[in-house]
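Last residue of the sequence shown: 1333 (this note's numbering), numbering continuous.
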Amino acid sequence: MARDREHALNTDAIQQEQPAGPATGWWTEAVIYQIYPRSFADSDGDGMGDLPGITARLGHLVELGIDAVWLSPFYPSPQADAGYDVADYRDVDPLFGKLSDADRLIGEAHGRGLKVIVDLVPNHTSCAHRWFTEALAAPPGSPERARYIFRDGLGPDGDQPPNDWQSVFGGPAWTRVTEPDGRPGQWYLHLFDTGQPDLNWDNPQVRAEFLDVLRFWLDRGVDGFRVDVAHGLIKQADLANWEEPQEILSGQEAAKPRPPMWDQDGVHEIYREWRRLLEKYSGERVLVAEAWVEPAERLARYVRPDEMHQAFNFEYLLAAWTAPAQYAVITRSLEATDAVGAPTTWVLSNHDVVRHASRLGLTADGGRHNGIGVGDPQPDAALGLRRARAASLLMLALPGSAYLYQGEELGLPEHTTLPDEARQDPTWQRSGHTQRGRDGCRVPIPWEADAPSYGFGPTDASWLPQPSSWAEYALDRQRGVPGSTYEMYRTALRLRREHGLGRGPLEWLSTGDQVLAFRNRGLIVMTNFGAAPVPAPGGEVLHSSAPLDADGRIPTDVTVWLRP
């Protein structure tokens, strides 16, 4: 019960704990573009995107008008989970290039006025990491095993897992090892794939190691870190059973206890130490939490003034496409982060979720779909793109920082007919082929309609097959074409910067069941969620996600920006 009361945290409690004025810095209103390196641009034709390919395409990002790039992992890895199983945190996997390529990418990005954020994966390493190899060779109770979470099994022969925890990817979260003498031995925890053993963050050696990793990349000039599974580093000390379904975002409403593997209070001490380190460096280096935490007040604890700078707003990503749902999540998000003086972040797509151009064409209620494949109900492509464009213009008009996922500026949908035999996400295998996973949003993006692999690389090779419809979304088919999704994004980012929309404040004008309208920095932003067109306020239309009708009304699923 005490834990429940502690969890039922409200905005007032946060404000009393950490009173703070609004944060300042480039990151408070930045538009940050996520690059998934293996799917962005391939420089050598092997079908795998790489760092030189990214460097060669930086001009696109400058033209688009973003402020910073976030790079998903490019470290040495067996690729059991597409690089989120890191074998060496201080190098580059040969798939993606060399360390010198990372240095060149950082330098050229800075030369073009772009900040660079890199992924950090501290919850777990790869099973190929030197530490884990040493742990397997060492006996139970050794310092080598103490870096991870090893436990004896249950039952007379220790042949049952230490508890009932399940992996996010499906199946048990524990794997039994064979001891050096050949006997069945202890079990190790992996909240994700078996190739991703969880680290023991109660071990000072683990904490010291990651401080050194942070220094390594800060010294190379990176502007910040996106921290993977930021809410998972500390586990409840007794590793208590958890009988609820295992999801990365579940069971965290105020009325329920927190799962013993997520959002434990001890994570905050870690991030305070990291923040102190970053503040020793010039140039406003930042920490961004991937923390699947609800409610918004609980998530706000990660961005208190002495902790992280930003946290992804997944509640917003998952919100239903209705005016009441959008109003509620935007209001909650702004109130929670304002209470701790942090900017709110907004995101609609990333490498872990169905692209919003397809998600919004599937159902009216949003939600987190775990992949779409052959035989599944298929999205309405036209409806999905129409809503996605409206959602993007709504998001880009909100105060705070916005995150874009590569290809969304092209209106890319999910690859919803990807052959099952081509799938590589471990979720597909570990779930017993019941959850198709995340491959559909990771397909290499199209640059040129008539080029091999649609310009992804110099050959037809592509690590995941691209659908035949990709040509119509290619950049060269959209650049300079009025009304294209690409030009819609470019115009939105230019107007956002010119009018300072990232700074706010937001003033609600209409919050009915059919229409959402607000004022930001003198502009009126209005989205019609209803079934019939609605009159537009008087003034100059600066931008819209689709044309107004012949009578000047805002059609269904359209967002418009006006200057009164």
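No residue lacks a Cβ here, since even glycine has one placed at the ideal position from N, Cα and C. Every value quoted in this text rests on a predicted model; they were computed, and no experiment measured them.
Simplified DSSP assignment, three categories, for Trp-970: Here residue 970 refers to the residue found at position 201 when the sequence shown is read from its first residue. Looking at Trp-970 - three-state DSSP - the assignment turns out to be coil, as it is neither helix nor strand.
Take Asn-892 as the anchor and find which of Gly-939, Pro-912, Val-1036 has the nearest alpha-carbon. Mapped onto the sequence shown, residue 892 falls at position 123. Out of Gly-939, Pro-912, Val-1036, Val-1036 has the C-alpha closest to the C-alpha of Asn-892.
Tell me where the alpha helix (DSSP H) around Thr-1260 begins and ends. As a first step, residue 1260 must be located in the sequence shown, where it is residue number 491. Segment 1254 to 1268, the alpha helix (DSSP H) holding Thr-1260.
Report yes if the CB atom of Asp-854 is closer than 8 Å to the CB atom of Ser-846, and no otherwise. Numbered from its first residue, the sequence shown carries residue 854 at position 85. Numbered from its first residue, the sequence shown carries residue 846 at position 77. In contact: Asp-854 and Ser-846 (Cβ atoms closer than 8 Å).
Can you grab the Cα-Cα spacing for the pair Ala-906 / Trp-900, in whole Å? Here residue 906 corresponds to residue number 137 of the sequence shown, with the count starting at 1. Here residue 900 corresponds to residue number 131 of the sequence shown, with the count starting at 1. Approximately 10 Å, taken between the alpha carbons.
Using three-state DSSP, classify His-1120 as helix, strand or coil. Translated into the one-based positions of the sequence shown, residue 1120 becomes position 351. Coil at His-1120, not helix or strand.
For a quick check, are the C-beta atoms of Leu-1310 and Val-1329 less than 8 Å apart? On the sequence shown, position 541 is the one that residue 1310 refers to. On the sequence shown, position 560 is the one that residue 1329 refers to. Just to set this straight, residue 1310 is Val in the shown sequence, not Leu. Yes, they are a contact pair.
Going along the chain, which residues of its own chain have a beta-carbon closer than 6 Å to the beta-carbon of Asn-1139, five neighbours each way excluded? Your numbering for residue 1139 matches position 370 in the sequence shown. If we look at Asn-1139 and ignore the five residues flanking it on each side, its Cβ neighbours are Gln-1204.
Other residues of its chain near Asp-1326: CB distance less than 6 Å, five sequence neighbours each side excluded: In the sequence shown, the residue the question calls residue 1326 occupies position 557. Cβ within range, chain order: Arg-1155, Arg-1156, Ala-1159.
So, is Pro-863 buried or exposed, given that buried needs 16 or more other C-beta atoms within 10 angstroms? Position 94 of the sequence shown, counted from the first residue, corresponds to residue 863. That one is exposed.
Looking at the structure shown, is Ile-1141 part of a helix, part of a strand, or coil, going by DSSP? Indexing the sequence shown from 1 puts residue 1141 at position 372. Looking at Ile-1141 - three-state DSSP - the assignment turns out to be coil, as it is neither helix nor strand.
Is the beta carbon of Val-1212 less than 8 Å from the beta carbon of Ser-812? As a first step, residue 1212 must be located in the sequence shown, where it is residue number 443. As a first step, residue 812 must be located in the sequence shown, where it is residue number 43. Their beta carbons are not under 8 Å apart, which means Val-1212 does not touch Ser-812 by this criterion.
Give me the DSSP bridge partner(s) of Lys-884. Start at 1 with the first residue of the sequence shown, and residue 884 comes out as number 115. When beta bridges are read from the DSSP output, Lys-884 appears opposite Ala-837.
Does the ligand FAD have even one heavy atom less than 7 Å from the beta-carbon of Leu-830? This structure does not include the ligand FAD; it has no bound ligands of any sort.
I'd like to know whether the C-beta atoms of Pro-1175 and Tyr-844 end up nearer to each other than 8 Å. Here residue 1175 is taken as the residue at index 406 of the sequence shown, counted from 1. Here residue 844 is taken as the residue at index 75 of the sequence shown, counted from 1. For clarity, residue 1175 is Gln in the given sequence; the question names Pro instead. Contact flag unset, no.
Buried or exposed by the 16-neighbour rule on C-beta atoms within 10 Å, applied to Ala-1300: Position 531 of the sequence shown, counted from the first residue, corresponds to residue 1300. Ala-1300 comes out exposed.
From Ala-1065, Phe-1083, Cys-1210, Leu-1086, pick the residue whose C-alpha is nearest to that of Ala-1108; which is it? By one-based count along the sequence shown, residue 1108 stands at place 339. Residue Ala-1065 is the option with its Cα nearest to Ala-1108.
Using the Cα positions of Pro-1074 and Gly-880, report the straight-line distance between them to the nearest angstrom. If you number the sequence shown from 1, residue 1074 lands on position 305. If you number the sequence shown from 1, residue 880 lands on position 111. The straight-line gap separating the alpha-carbon atoms of Pro-1074 and Gly-880 is approximately 30 Å.
I'd like the list of long-range same chain contacts for Glu-1217, defined as Cβ closer than 8 Å, with 5 residues on each side in sequence excluded. By one-based count along the sequence shown, residue 1217 stands at place 448. Same-chain partners within the cutoff: Tyr-1223, Gly-1224, Ala-1243, Leu-1244, Asp-1245.
Under the three-state DSSP convention, the category His-1312 falls into: Within the sequence shown, numbered from 1, the residue matching residue 1312 stands at position 543. For His-1312, the secondary structure class from DSSP, reduced to helix, strand or coil, is strand.
What is the rounded straight-line gap between the Cα of Ala-1094 and the Cα of Phe-985? If you number the sequence shown from 1, residue 1094 lands on position 325. If you number the sequence shown from 1, residue 985 lands on position 216. One C-alpha to the other measures close to 43 Å.
Helix, strand or coil: how does DSSP classify Ile-1214 here? What you label residue 1214 is simply residue 445 of the sequence shown in a count that begins at 1. Note: Ile-1214 maps to coil in three-state DSSP.
Buried versus exposed call for Leu-1331 [16 or more other C-beta atoms within 10 Å across all chains shown]: In the sequence shown, the residue the question calls residue 1331 occupies position 562. Per the 10 Å Cβ criterion, buried.
By how many angstroms is the C-alpha of Phe-938 removed from the C-alpha of Asp-926? Taking the first residue of the sequence shown as 1, we reach residue 926 at position 157. Taking the first residue of the sequence shown as 1, we reach residue 938 at position 169. Going from the Cα of Asp-926 to the Cα of Phe-938 covers about 27 Å.
When the Cα atoms are used, what is the spatial distance from Ala-761 to Gly-1271? With the chain running from 770 to 1333 in the structure shown, residue 761 is simply not present.
Counting along the chain, where does the alpha helix (DSSP H) carrying Leu-1103 start and finish? Counted from its first residue, the sequence shown places residue 1103 at position 334. It spans 1092 to 1108 - the alpha helix (DSSP H) in which Leu-1103 sits, taken as one unbroken run.
From which residue to which residue does the alpha helix (DSSP H) around Trp-1277 run? Locating residue 1277 in the sequence shown gives position 508, where the first residue counts as 1. Careful: Trp-1277 lies outside any alpha helix (DSSP H), inside the beta strand (DSSP E) at 1275 to 1280.
Secondary structure of Phe-919, DSSP reduced to three states: Counting from one through the sequence shown, the residue named residue 919 turns up at place 150. Under the three-state reduction of DSSP, Phe-919 is assigned to strand.
Can you find at least 3 beta carbon pairs, one from the region 1101 to 1117 and one from the region 1068 to 1087, that sit closer than 8 Å? Verdict: yes, contact present.
Given this structure, state the Cα-to-Cα distance separating Ala-1319 from Asp-819, to the nearest angstrom. As a working note, residue 1319 is residue 550 in the sequence shown. As a working note, residue 819 is residue 50 in the sequence shown. Put simply, the backbone Cα of Ala-1319 is about 47 Å away from that of Asp-819.
Give every residue of the same chain whose Cβ lies closer than 8 Å to the Cβ of Ser-1170, excluding the five residues on either side of it in the sequence, and list them in chain order. The residue labelled residue 1170 in the question sits at position 401 within the sequence shown. Excluding residues within five positions, the ones whose Cβ falls inside 8 Å are Trp-796, Thr-797, Glu-798, Ala-799, Val-800, Ile-801, Gln-1079, Pro-1112, Thr-1113, Thr-1114, Trp-1115, Gly-1271.
C-beta atoms of Tyr-1255 and Leu-1181 nearer than 8 Å: Mapped onto the sequence shown, residue 1255 falls at position 486. Mapped onto the sequence shown, residue 1181 falls at position 412. In this structure, Tyr-1255 keeps its C-beta atom at 8 Å or more from the C-beta atom of Leu-1181.
Cutting at 7 Å between CB atoms, please list the residues of its own chain near Pro-1029, excluding the five before and the five after it. As a working note, residue 1029 is residue 260 in the sequence shown. Cβ neighbours of Pro-1029 within its own chain (closer than 7 Å, five residues either side excluded): Lys-1004, Gln-1005, Leu-1008, Ala-1009, Trp-1011.
Compare the C-alpha of Glu-1259 against each of Leu-883, Asp-870, Glu-1177 and name the closest. The count along the sequence shown starts at 1 and reaches residue 1259 at position 490. A small correction: the amino acid at residue 1259 is Arg; Glu does not occupy that position in the sequence shown. The option with the nearest alpha carbon to Arg-1259 is Glu-1177.
Give me, in chain order, the residues of the same chain whose beta-carbon lies closer than 6 Å to that of Val-998; leave out the 5 immediate sequence neighbours on both sides. As a working note, residue 998 is residue 229 in the sequence shown. Once the five neighbours on either side are set aside, the close Cβ partners of Val-998 are Asn-892.
Taking all protein chains shown into account, decide if Gln-974 is buried (16 or more other Cβ within 10 angstroms of its Cβ) or exposed. On the sequence shown, position 205 is the one that residue 974 refers to. Flag for Gln-974 reads exposed.
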